[in-house]
Every structure is written in C-alpha cells, then in structure tokens.
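Chains as they are written, first to last, in this note's numbering: chain A, 3 to 135; chain B, 510 to 940.
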C-alpha cells in the first residue's frame, strides 16, 4: 500500500510482557513504529535517539518513575513538546468515555492518563486522534 | 372547817400568794416555755401553721430568708408564697400532715419578696403532745446547695459530652486509620493485579485479531473470547472500586453550595434515567447555607445514591431529589442508617433527600447495604463497594448517610451535611 512514513511511539514500561504485546498490537496497525524501553533511566536517551511523535509512559517503575521521566522530558528543549500519555496500573481515573478530550489535552501538553487494563482499540483511537487528526 | 374559819384574812392572802408563785413557777417550767428561746435562736426556719393553711408563728429566720415581715407571713395563705409549680405537691404534703403523718425532707420552692426563688427543705408534723390542729415545722434554705448541685450536674454533662466527643474522635481516627491501611493495601493489590490484567487484555486482543485475520473463528471461538473479555472487565471493575475505596481517605475541603453538585450528579445520571424510563423531579431550596465538602467525593456519593435508585427501576418510575436546610433530628441507628458521630441532633444541616418509587430494599438486606462487597445486584453487575465508599466519604465529612424504606414503598436516601457557620467564633472553654 502507500508508503506513508510511520509515526513513532516510544513505549516506556518496566513490564516486559506488557510492552512486547503492546508493540505487536500497535505495529499490527501498520501505522506505527514502536520502540520499547523497559529500564526507565534509559528513556531520555532513547527519546533523543528515536525522536518519537508520542511517548506512552508507565508511572510506577523501579529506579526512575514516570513522573521523574516526564519532568526530565519537559526540561529538555528538544523533547519538551512531545506529548506524553501516562499508562498506569495505579489510577482509577481514566478517560473512559472521552478519548477526544484525552487527545486534545495531550496535544496541549497536559497530563493525561490511561488506566490499565486497556483495550488495544482504545489506545489506537486515542493515538489516531492525537497524531492523525 | 373550823380551822379554816379561824384563818385570818392575812393568812389567806399569804397562802394565795404562795400558790400563785407555785403556779407561775410551774408554768415557767413547761416544755413550751423551756423551748421558747430556741425558737428565736434557731439558724433554721421554725414555724407553726394551722389547718386553715396559714402560718401561726414564724421565727425571725423567715424574714431573713424571704424578706417578708412576720405579719406579712401570717396574713396570707401559705400557698401564696409557694412557687406555682410546687403548689400541688405542697397541698398534698399538707394532706399528708393532716392525716397525722410526718413530713420528712419535703422540698419546695418559695417566692421571696424580691421575687427571687428559694429552695426550702422541710420536716413537719402534727405531734400528739402539741396543740390540736397545729402543724410544727422546721426548714432550711437549700438554694445554694441546689445551685451547686445543678452546676455540678451541668459540669458532669459537659464532661460527659466532651468525653463522648473524644471517644467518637478516637473511633473516627481508628476508622480513618483502618481505611488508610486498607487503602494502602488496596492500592498495592490493585497495581499488582492491573498489570497482569493489562497483559491478558492485550493478549486477548491479539488472539481476536489473529482469529479474524484467519477467518477461522467459529461461534464457540467468539464465545470464549467474549467470556474472557467480560472476565477482565469484571476484575477491573472490582479493582477500580477498591482504588476508589482507598482514595476516600484524603479530602480537599472547600466551602461550596450543594445545589450545583446535585445538579451535576443529575446530569451524569440523566442518560440512565431516560433509558429506564424514570422521571426525575427536583426541588432545590434557595439560599442554603454552604457546606464544607470535597466536591468530587460528594458528587460521587450523590451519584451513587441516584444510580442505585435508577438501577432498581428498570420498569420505569420516578425519582425525587430535594435539597433543604434544617436541624438534624434524632438520627435512626437502625435500618441501615449510619451515623458519623460528629453530626448531632440540633445541629444546623443541609439535606439532600432522594426518594424513589422502586421496589425498596428487603428487610433482611437493609442492615448490610453499607458493608463492603455486599450487593443486591446480579452477579458481575455491582462490586458491592459503592455504598461502602459513600459511607466512608460521608463519615470523613462528619456527615450522615441514611437509607430507609419509605412506608409508601420505594427507598429514601438522605445525605446530611453540617451547615457551615457564616462566622464561627472559636469556642473557648474557661476552667
């Protein structure tokens, strides 16, 4: 089919099972290229190298949690504008019905949160709205 | 009689004089005469009274105590001096005395000349040796004693109240601590369970995609996938409930109006009401006092009460939501009512009253509706945490939540929150 450049997603999560499944699912859509980081301290370096269009970021991780990673991203001139979506098992708060506003908030640089477990189609919808719109 | 005749006038006069002297001596030595000085020396009230209801004699202590002169005391019926509330008792005591019985430590109140009231304690009798129809009585002014007693009683009550408050605070602390540790536990468990659930979900999505791609999915395959999907959702719903329960320990309190919060809850519930064909009516009082609440949490409580009602009315019905201000009545402790000890009868409060004409709650279940994981809903439909969470939230607000069956059928839920005082001076206790 058409050779549109794929959009890049950096997936930062210490759960290897989760990241490998998510990578398979997202790449199956053939619209995204996914790079996985399981050790959060490496996230900034990988982000600089990979230049993602969006970062999916876990919150509770050993060594450096999602909040710290996000702070470092915001402090870096070259990375601060990359939208971040938190994907966490911690919170009950979620954009259950309102994926559109989730995407908009991420685009506006606001903190948005998706709660695990989450369905692939939902992640794809949020990403499509954010990146494809 | 010859000798008598012989007595001279002089001798006769001498003998009469001697007899008179003897008589006088005898009179002076009667008990009455001997006791007379005590009457005037007494520190206590001493008197005699007739069966006609008048004092016959009163000692000087009467004037000292009541301010009336002896003459004033004797000129009016005794009952005139008695406090109106004690007149009936006093009359009864008189009857008792007339029957020849003793009056022991009888207490009544007298109204003094300066209109002050004094408590008097009496001993009285109509003794056999005394003059007929005369009541003898001694009494003492126990007003000071009474006042001290009252003050003591008041202090005891205050002490009891503050002790009670302390105890309820302690209970609340324990409850909060329990919630807090349960909260930490829930959050930990939730996190650990949600990650594997997330992987199951993605794995399931993957399987679905594979099956659809191969076009090899038959009905059984789809049924298996669907059941797995529902199971993941069920587990997730329970975990979310636990997280909610855990999150009840922290409040962000602000002074707010309650009506907009209720309105917002109704907006959220509208969809379900329309689907179940339930008519929602509102009656909001204006100018309600504000309440100190965590808006999101109280919204959650109200929404929980409303959706509980709606879910029970799948065949249609009505739901009435009313807000009003008032005093807290004596709160029921039965029928599932839970009291968060701080809000007490007489306090100014804001009420959110939700009534429906649904099927109500059966008597054997109503006592348990606030228990965590208790649910009346079909398996998989409710977590049984909604009201447990709501109760936790309301108790943290020091409010009340009550759920009762209406006598006419249906359920009445009430959320009672303490009205914020416009300007509340700190209560300082002296002593």
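Just so you know, even glycine gets a beta-carbon here, dropped at the ideal spot from N, CA and C.
Note that the structure is predicted; figures quoted are calculated from it, not measured.
- DSSP places residue 928 of chain B outside any beta strand (DSSP E), giving it a letter other than H or E.
- When beta bridges are read from the DSSP output, residue 14 of chain A appears opposite A/39, A/59.
- For residue 790 of chain B, the enclosing beta strand (DSSP E) stretches over residues 787-793.
- Residue contact check for residue 805 of chain B against chain A: no CB pair falls below 8 Å.
- Using a C-beta cut-off of 8 Å, the segment 603-614 of chain B makes no contact with the segment 520-533 of chain B, since fewer than three inter-stretch Cβ pairs fall below that distance.
- Boundaries around residue 809 of chain B are those of the alpha helix (DSSP H), 804-820, since no beta strand (DSSP E) includes it.
- Counting only the Cα atoms, residue 546 of chain B lies some 29 Å from residue 589 of chain B.
- Chain-ordered, the chain A residues with CB closer than 7 Å to the CB of residue 707 of chain B read 20, 91, 118, 119, 120.
- Under the three-pair Cβ rule at 8 Å, the segment 49-56 of chain A does not count as touching the segment 662-671 of chain B.
- DSSP, read as helix, strand or coil, puts residue 556 of chain B in strand.
- Looking at the DSSP output, residue 833 of chain B bridges to B/860.
- The beta carbons of residue 786 of chain B and residue 819 of chain B sit no closer together than 8 Å.
- Taking C-beta atoms under 8 Å as the contact rule, residue 663 of chain B and residue 628 of chain B fail to qualify, at a distance of about 16 Å.
- For residue 63 of chain A, not one C-beta of chain B is nearer than 8 Å to its own C-beta.
- Residue burial is scored here from C-beta neighbours: residue 906 of chain B has at least 16 other C-beta atoms within 10 angstroms and is therefore classed as buried.
- Within chain B, 708, 711, 712, 715 have C-beta atoms less than 7 Å from the C-beta of residue 23 of chain A, given in sequence order.
- Residue range 643-650 is occupied by the beta strand (DSSP E) that includes residue 648 of chain B.
- With fewer than 16 neighbouring CB atoms inside 10 Å of its own CB, residue 83 of chain A falls in the exposed class.
- In terms of CA proximity to residue 56 of chain A, A/35 leads the group A/35, A/47, A/69.
- When Cβ pairs closer than 8 Å are counted between the two stretches, the segment 116-125 of chain A is seen to touch the segment 698-717 of chain B, the count reaching three or more.
- Counted as a single uninterrupted DSSP element, the stretch harbouring residue 624 of chain B is not any alpha helix (DSSP H), since DSSP gives it neither H nor E.
- The beta-carbon separation of residue 25 of chain A and residue 13 of chain A, rounded to 7 Å, stays under the 8 Å limit for a contact.
- Under the DSSP assignment, residue 866 of chain B falls outside any beta strand (DSSP E); it carries neither an H nor an E label.
- In the displayed model, residue 44 of chain A falls within a helix according to three-state DSSP.
- Secondary structure note for residue 615 of chain B: its beta strand (DSSP E) is the uninterrupted segment 612-620.
- For chain A, the residues of the segment 722-748 of chain B that bring a beta carbon within less than 7 Å of one of its beta carbons are 741, 745, in chain order.
- The Cβ atoms of residue 923 of chain B and residue 865 of chain B lie no closer than 8 Å to each other.
- Proximity of the segment 816-830 of chain B to the segment 867-883 of chain B meets the contact definition, three or more beta-carbon pairs being nearer than 8 Å.
- Just so you know, the alpha carbons of residue 657 of chain B and residue 568 of chain B end up roughly 27 Å apart.
- Using a Cβ-Cβ cut-off of 8 Å, residue 718 of chain B counts as an interface residue toward chain A, since at least one Cβ of chain A sits closer than that to its own.
- Nearest to residue 642 of chain B by alpha-carbon distance, out of B/883, B/561, B/740, is B/561.
- Beyond the five residues adjoining it in sequence on each side, residue 774 of chain B comes within less than 8 Å, by CB distance, of 808, 811, 812, 815 in the same chain, given in chain order.
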